[in-house]
Structure formats: structure tokens, C-alpha cells
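Each residue of the sequence shown is one higher than the one before, counting from 4 in our numbering.
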Amino acid sequence: MKKLILSALLIGTAATAVNAQSIANSVLVYGDLSYTSVKDGGDNKTRNFDFNPGLGYQFNDYFGAGLWGNVGTTRQRLATQTEWNYLNTYGIGVFLRSTVRLNKIFAMYNQLEAGYIGGAVGNTGTNTTSNFNGFRASLTPAIAVYVHDGLALNFGFGGIN
């Protein structure tokens, strides 16, 4: 039951974001925060944490722009290991958002993101780390469901990375 609740929480957190965008000339805030911890029957363990905020400006009812960021870490230990394998990631960039309001409750939008990403992969037992960095671009369609004035739950579907 605990795994089911954690899975539902992860899916809900990953699929939704808090967002203030219903008023033109306003601040646009969105993001998600997630944590999972899984231990399977073979005593393999995985822990994951992600934080993905965004802050921008809604120029009118149709167009917004701003900055996004992310930080995350994944730790994994197999039953046969005493040390942890890890992946740490970070990123920062810009976004453009085009919104079409369908009615008082629903809106559709596309968000284009571009930015710098980096991270490290390693193992706690061997003190070895490999760093990486690069460029990231994505286009994500989503539906916003306004639950209160200026507050929406966003549901992304598909997308190109």
C-alpha cells in the first residue's frame, strides 16, 4: 500500500504544477517537487529527488516568458553493493509560453524551453566522478485546469526533447 501511495504521489507531482498565469501583466510561477524511495524484494534501493521551478512574466493572456531551473539527485544501491551509485543534475534556462484560454476553467499551452544542463555520475565507494554538461531544448504541450483565480493545475502530455 505504501508503494502505491508513493507512486500515486510521484505521478501526481510530476504531472502537475502550481501556476499563476490567468491575469495579463502578472508574475508567472510554476514548478514541481518530487521525492521517491523504492526498495524491491531483492533489497535493491533507489532514491530520487527533483525540484524544477520556473519564474516569468505573463505579458498578456496569450504570451509569457521567463527562467526555469532544476536540481535533482538519484541514488541507487543494488543488494550486492555496500556503496551507492549516484547521478546529480542541474540546469538553468529560458522559456516561452503560448497560451490559448478555452473557457473560464481550461486553457491549453505550449512551452518552449532552452538552457544549460550539467551533472555528475559516480559511486560513493570508489570516489570516482564523471562530470557532464550540455544544452537542452524541449517543447511541451499541456492543459491547465484553473482551480482558483490565478491558480491552475497543469497536465503535460507528449513533448519533444
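Cβ coordinates follow ideal geometry from the N, Cα and C atoms, glycine included. The structure presented is a predicted model; accordingly, all values stated were derived computationally and were not measured.
query                                                                                                                        : result
Taking only the alpha-carbon atoms, compute the straight-line gap between V148 and S141 and give it to the nearest angstrom. : 22 Å
For the candidate residues G125, N113, I146, whose alpha-carbon lies nearest to that of N106?                                : I146
If you follow the beta strand (DSSP E) that E116 is part of, which residue opens it and which one closes it?                 : 109-126
Hey, would you say G122 sits closer than 9 Å to N136, going by beta carbons?                                                 : yes
So what's D35 in DSSP terms, helix, strand or just coil?                                                                     : strand
Following the continuous beta strand (DSSP E) through Q79, name the residue where it begins and the one where it ends.       : 66-80
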